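So the structure is just underneath, and the comments pick up after that.
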Amino acid sequence: MRIALFITCVNDSLYPRTGIAVTRILERLGHTVEFPASQTCCGQMHANSGFAAMAGPLVDHFVATFAEFDAVVAPSGSCVAMVRDQYPRMRPGDDTVAAVATKTYELSELLVDVLGVTDVGARFPHRVTYHPTCHGLRLLRLGDKPMRLLRAVRDIDLVELGGADECCGFGGTFALKNPDVSAAMLADKCDHIDVTGAELLVAADNSCLTHIGGGLSRRAAATRVMHYAEVLAHD
Amino acid sequence: MTDAPNPLVGAAPFPAAARVELGKPQLRRNLRHATHTIRDKRLRVVSELDDWEDLRAAGSAIKAHVRQNLPELLVEFEAAATAAGATVHWARDAAEACRIVANLVIGAGATELVKVKSMATQEIGLNESLETVGVSAYETDLAELIVQLAGDTPSHILVPAIHYNRTEIRDIFRQHMPDAPDGLTDDPPVLAEAARTHLRRRFMTTKVAVSGANFAIASTGTLVVLESEGNGRMCLTLPETLISVVGVEKLLPDFTDLEVFMQLLPRSSTGERMNPYTSMWTGVTPGDGPQDVHVVLLDNGRSSVLADPIGRQALACIRCSACLNVCPVYERAGGHAYGSVYPGPIGAILSPQLTPGRNESLPFASTLCGACYDACPVRINIPEVLIHLRQTVRHRPAERVAFRILADLMAHPRRYRAALRAARAGAGLHPRRRRVAFPVRRAPWPGSRWTAARDAPLPATETFADWWARERA
Numbered sequence: 002m003r004i005a006l007f008i009t010c011v012n013d014s015l016y017p018r019t020g021i022a023v024t025r026i027l028e029r030l031g032h033t034v035e036f037p038a039s040q041t042c043c044g045q046m047h048a049n050s051g052f053a054a055m056a057g058p059l060v061d062h063f064v065a066t067f068a069e070f071d072a073v074v075a076p077s078g079s080c081v082a083m084v085r086d087q088y089p090r091m092r093p094g095d096d097t098v099a100a101v102a103t104k105t106y107e108l109s110e111l112l113v114d115v116l117g118v119t120d121v122g123a124r125f126p127h128r129v130t131y132h133p134t135c136h137g138l139r140l141l142r143l144g145d146k147p148m149r150l151l152r153a154v155r156d157i158d159l160v161e162l163g164g165a166d167e168c169c170g171f172g173g174t175f176a177l178k179n180p181d182v183s184a185a186m187l188a189d190k191c192d193h194i195d196v197t198g199a200e201l202l203v204a205a206d207n208s209c210l211t212h213i214g215g216g217l218s219r220r221a222a223a224t225r226v227m228h229y230a231e232v233l234a235h236d
Numbered sequence: 010m011t012d013a014p015n016p017l018v019g020a021a022p023f024p025a026a027a028r029v030e031l032g033k034p035q036l037r038r039n040l041r042h043a044t045h046t047i048r049d050k051r052l053r054v055v056s057e058l059d060d061w062e063d064l065r066a067a068g069s070a071i072k073a074h075v076r077q078n079l080p081e082l083l084v085e086f087e088a089a090a091t092a093a094g095a096t097v098h099w100a101r102d103a104a105e106a107c108r109i110v111a112n113l114v115i116g117a118g119a120t121e122l123v124k125v126k127s128m129a130t131q132e133i134g135l136n137e138s139l140e141t142v143g144v145s146a147y148e149t150d151l152a153e154l155i156v157q158l159a160g161d162t163p164s165h166i167l168v169p170a171i172h173y174n175r176t177e178i179r180d181i182f183r184q185h186m187p188d189a190p191d192g193l194t195d196d197p198p199v200l201a202e203a204a205r206t207h208l209r210r211r212f213m214t215t216k217v218a219v220s221g222a223n224f225a226i227a228s229t230g231t232l233v234v235l236e237s238e239g240n241g242r243m244c245l246t247l248p249e250t251l252i253s254v255v256g257v258e259k260l261l262p263d264f265t266d267l268e269v270f271m272q273l274l275p276r277s278s279t280g281e282r283m284n285p286y287t288s289m290w291t292g293v294t295p296g297d298g299p300q301d302v303h304v305v306l307l308d309n310g311r312s313s314v315l316a317d318p319i320g321r322q323a324l325a326c327i328r329c330s331a332c333l334n335v336c337p338v339y340e341r342a343g344g345h346a347y348g349s350v351y352p353g354p355i356g357a358i359l360s361p362q363l364t365p366g367r368n369e370s371l372p373f374a375s376t377l378c379g380a381c382y383d384a385c386p387v388r389i390n391i392p393e394v395l396i397h398l399r400q401t402v403r404h405r406p407a408e409r410v411a412f413r414i415l416a417d418l419m420a421h422p423r424r425y426r427a428a429l430r431a432a433r434a435g436a437g438l439h440p441r442r443r444r445v446a447f448p449v450r451r452a453p454w455p456g457s458r459w460t461a462a463r464d465a466p467l468p469a470t471e472t473f474a475d476w477w478a479r480e481r482a
């Protein structure tokens with residue numbers, strides 16, 4: 002099985018350690034990961050901001066880059082949702098697009114659904130809480146897959162997050178276009194996180210974690226943020 | 010009439026209006042408490058039905074059928090209602106609908122009327138319009154009454170006074186209800202009794218009523234109104250003249266289609282298993298109820314919404330408000346921030362479509378979190394329509410240029426890589442670079458909008474692609 006990593010633009014530039022973690026997890030499980038060097042961005046930001054026409058070439062580039070692989074994995078719920086939910090609507094009737102959309106997976110989907118693994122052999126002796134990001138929760142229907150992976154981590158202290166399924170207020174350009182509402186939502190999310198006493202808040206999307214982490218940093222909270230892949234890569 | 014404010018368009022764009030509303034702590038508390046209460050109640054009663062998803066699919070399919078056959082169904086409705094003794098009027102827009110109603114009221118020799126809660130009449134600004142011709146319209150739904158007494162506007166489709174708590178309501182009654190009893194407390198039964206006594210006098214003396222309709226049955230010409238207080242039943246049965254303003258999308262082909270919606274609507278709106286007061290009437294029943302019955306079929310932009318293959322899903326809306334109650338943006342900003350009688354997620358897709366070229370900030374008043382789509386009893390894909398409408402607005406030139414530059418970079422892998430390296434090099438100069446995960450506390454515009462409430466990260470010292478080239482390639 003040829004597995005390609007789609008790193009996503011946010012992770013490539015800001016959070017390379019998340020991509021390194023995904024690589025290590027899959028290699029530890031005995032798989033070979035390929036990284037097509039010509040990959041760029043899925044086009045989500047353009048499509049969701051009202052510039053779908055500009056996203057067109059990015060959609061076509063993504064499909065051309067990843068069509069040859071058996072599975073594409075990305076450590077981002079919202080980027081995978083863009084590919085799976087929006088690509089087929091943007092390129093109706095295109096079988097190649099439909100095929101790529103179907104075989105593009107968020108990390109927990111690849112691990113649990115495709116590879117049939119829940120214990121990835123990790124150990125992480127820390128207090129952790131998990132925020133299900135909106136696109137993963139409601140577009141990809143990840144359900145408890147990330148939690149099943151986290152529960153199998155040795156020595157982890159998983160604590161429940163209140164109001165977990167409420168949006169953190171990021172919403173891409175929403176945070177810039179509606180900064181006040183976004184900040185109000187963020188404050189409520191950070192309040193819930195404070196209550197958990199967790200050392201780390203983990204999630205499946207570094208873009209949401211940039212928002213939440215930035216809010217926690219501003220209030221000098223004790224909790225830091227981390228992509229859950231980095232927990233799974235730990236041993 | 011033409012100079013009156015449009016009930017579908019606010020004075021300020023959403024972000025500015027929301028900022029004002031966010032500054033009201035009591036409002037935030039009221040909204041949070043109320044939306045969470047209804048939200049939890051809805052979840053409980055929906056989870057009781059193991060065929061809920063089938064019901065949603067059925068509701069969605071019936072509404073799609075109505076959209077596809079609307080002209081024929083409208084003609085069928087007109088014929089059936091006319092045969093049953095009603096007079097059917099057609100209104101292209103708000104002004105025409107208001108004119109028709111005003112003429113009917115004046116023709117009946119009335120200067121006042123009672124109203125059943127109705128979104129369509131709010132959408133056309135009927136009360137304000139009638140006022141200009143000397144007709145007073147009295148709201149009889151408790152929450153609409155509160156809002157009307159306060160001289161305010163509703164902030165929720167189903168719970169118009171959701172932004173008030175009971176103490177504030179007591180104060181509104183004390184100040185604005187002439188026959189409010191002395192020593193009025195903020196005990197809900199006491200407040201309800203005061204409103205009941207106040208309204209009873211109106212029901213017994215008013216000759217004309219105006220309503221909307223939740224559903225209009227094409228094959229029989231029947232109108233259906235669902236309400237919880239019994240005030241609607243009073244308005245629909247006691248007066249001599251009954252005028253109903255009905256959006257054309259409210260049609261259902263047959264009586265049997267109600268079966269689906271009578272299950273979907275109460276559970277989604279008030280979290281009730283069964284609707285308390287359901288009134289149905291078909292034209293005139295001689296000797297029983299209003300003998301002069303009129304139906305005003307309202308277009309007001311709906312035909313042009315129907316022409317948009319993605320946007321027209323919004324016409325399936327049954328005004329249940331489930332999307333408002335689960336929306337994290339609505340919960341913080343409140344209904345007034347949307348500037349339209351249709352607030353919340355459904356308002357963010359309906360108001361802009363009913364007012365082309367206006368309300369352009371509303372499709373962006375969402376994080377696309379998808380909670381609304383999950384809650385919608387007729388499966389309107391609100392995030393899909395929001396994204397679609399975002400493509401149609403006029404973007405600021407600077408924003409367009411920024412996205413153009415980004416798109417060009419991302420369409421060319423070499424330029425994209427070069428840009429990432431340049432960003433990394435620039436970031437390397439930041440003083441807090443290596444000490445914290447989020448080193449940037451103040452960024453220049455537009456990043457300042459981010460750093461107003463959050464710190465920001467900097468590009469990593471090495472991109473993932475560079476790590477890969479070093480470690481794996």
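Those sequence lines, one after another, are chains A and B. For the first sequence, this note's numbering begins at 2 and goes up steadily by one. For the second sequence, this note's numbering begins at 10 and goes up steadily by one. Ideal Cβ positions, reconstructed from N, Cα and C, are used throughout, including at glycine. None of the values given here were measured: they were computed from a predicted structure.
#1: What residues in the segment 197-218 of chain A have a beta carbon less than 8 Å from any beta carbon of chain B?
#2: On the CB-based measure, 16 or more other CB atoms within 10 Å of its CB, does residue 236 of chain B come out buried or exposed?
#3: I'd like to know if the segment 38-54 of chain A and the segment 16-28 of chain A are in contact, where contact means that at least 3 CB-CB pairs between them fall below 8 Å.
#4: Where in the segment 280-338 of chain B do unbroken runs of the alpha helix (DSSP H), each at least 4 residues long, occur, reported from the N-terminal end onward?
#5: Give me the Cα-Cα distance between residue 318 of chain B and residue 119 of chain A, rounded to the nearest whole angstrom.
#6: Could you say if the segment 151-159 of chain A and the segment 298-310 of chain B meet the contact criterion of at least three C-beta pairs nearer than 8 Å?
#7: How far does the beta strand (DSSP E) with residue 421 of chain B in it reach, from first residue to last?
#8: Using the Cα positions of residue 135 of chain A and residue 91 of chain B, report the straight-line distance between them to the nearest angstrom.
#9: Starting from the C-beta of residue 144 of chain B, find all residues in its chain whose C-beta is less than 8 Å away, skip the five residues before and the five after it, and write them out in chain order.
#10: Would you list the residues sitting across from residue 124 of chain B in a DSSP beta bridge?
#11: Less than 8 Å separating the beta-carbons of residue 176 of chain A and residue 477 of chain B?
#12: Is the Cβ of residue 472 of chain B closer than 8 Å to any Cβ of chain A?
#13: Beta-carbon of residue 122 of chain A versus every beta-carbon of chain B: anything under 8 Å?
#14: So is residue 186 of chain A buried or exposed if we call it buried at 16+ other beta carbons inside 10 Å?
#15: Could you spell out the range, first to last residue, of the beta strand (DSSP E) harbouring residue 231 of chain B?
#16: Taking residue 20 of chain A as part of the alpha helix (DSSP H), name the residues at either end of that continuous run.
#17: Which residues in the same chain as residue 78 of chain A place their Cβ atom closer than 6 Å to its Cβ, once the five residues preceding and following it in sequence are excluded?
#18: Could you give the distance in angstroms between the alpha-carbon of residue 285 of chain B and the alpha-carbon of residue 242 of chain B?
#19: Hey, out of B/150, B/209, B/281, B/270, whose CA is closest to residue 50 of chain B's CA?
#20: If we call anything under 8 Å between Cβ atoms a contact, is residue 429 of chain B one with residue 14 of chain A?
#21: Residues in the segment 224-235 of chain A with C-beta within 7 Å of chain B's C-beta atoms, listed in sequence order?
#22: Taking 8 Å as the CB-CB cut-off, is residue 400 of chain B touching chain A?
#23: Using the C-alpha atoms, what's the distance from residue 391 of chain B back to residue 336 of chain B?
#24: Are the C-beta of residue 379 of chain B and some C-beta of chain A separated by less than 8 Å?
#25: Report the neighbours of residue 50 of chain A on chain B: residues whose CB is nearer than 7 Å to its CB, in chain order.
#26: Evaluate residue 268 of chain B with the Cβ neighbour count: other Cβ atoms within 10 Å of its Cβ, from every protein chain shown; 16 or more gives buried, anything less gives exposed.
#27: From the DSSP output, which residues share a beta bridge with residue 225 of chain B?
#28: Any beta carbon of chain A sitting closer than 8 Å to that of residue 464 of chain B?
#29: Between B/276, B/293, B/230, which has its C-alpha nearest residue 89 of chain B's C-alpha?
#30: Output needed for residue 10 of chain B: all residues of its chain with C-beta closer than 7 Å, excluding positions within five of it in sequence on either side, in chain order.
#31: Answer yes or no: does any C-beta atom of chain B fall closer than 8 Å to that of residue 14 of chain A?
#32: What are the boundary residues of the beta strand (DSSP E) that residue 227 of chain A is part of?
#33: By how many angstroms is the C-alpha of residue 172 of chain B removed from the C-alpha of residue 338 of chain B?
#34: Which residues of chain B have a Cβ atom closer than 8 Å to the Cβ of residue 145 of chain A, listed in chain order?
#35: Would you kindly work out how many angstroms separate the C-alpha atoms of residue 195 of chain B and residue 465 of chain B, rounded to a whole number?
#36: Should residue 135 of chain A be flagged as near chain B, meaning a C-beta pair shorter than 8 Å?
According to the data block:
#1: 211, 212, 214, 215, 216, 218
#2: buried
#3: no
#4: 311-315, 331-335
#5: 42 Å
#6: The way I'd put it, the segment 151-159 of chain A doesn't touch the segment 298-310 of chain B; fewer than three beta-carbon pairs between them come closer than 8 Å.
#7: First-last for residue 421 of chain B: undefined, no H or E at that position.
#8: 50 Å
#9: 111, 114, 115, 119, 120, 121, 122
#10: B/148, B/219
#11: no
#12: yes
#13: No, its Cβ sits nowhere closer than 8 Å to a Cβ of chain B.
#14: buried
#15: 231-236
#16: 17-29
#17: 107, 134, 136, 137, 141, 205, 206
#18: 11 Å
#19: B/281
#20: In this structure, residue 14 of chain A lies closer than 8 Å to residue 429 of chain B by Cβ.
#21: 225
#22: Closer than 8 Å: yes.
#23: 11 Å
#24: Yes, its Cβ sits closer than 8 Å to a Cβ of chain A.
#25: Close partners of residue 50 of chain A in chain B (Cβ separation under 7 Å): 399, 412.
#26: exposed
#27: B/232, B/260
#28: yes
#29: Closest in C-alpha terms to residue 89 of chain B, from the list B/276, B/293, B/230, comes B/230.
#30: A caution first: residue 10 of chain B carries a pLDDT of 42, below 50, which makes its placement in the model too unreliable to give a value.
#31: yes
#32: 225-228
#33: Rounded to the nearest whole angstrom, the C-alpha separation of residue 338 of chain B and residue 172 of chain B is 15 Å.
#34: Near residue 145 of chain A there are no residues of chain B at all, since even the closest Cβ is about 17 Å away, more than 8 Å.
#35: 47 Å
#36: yes
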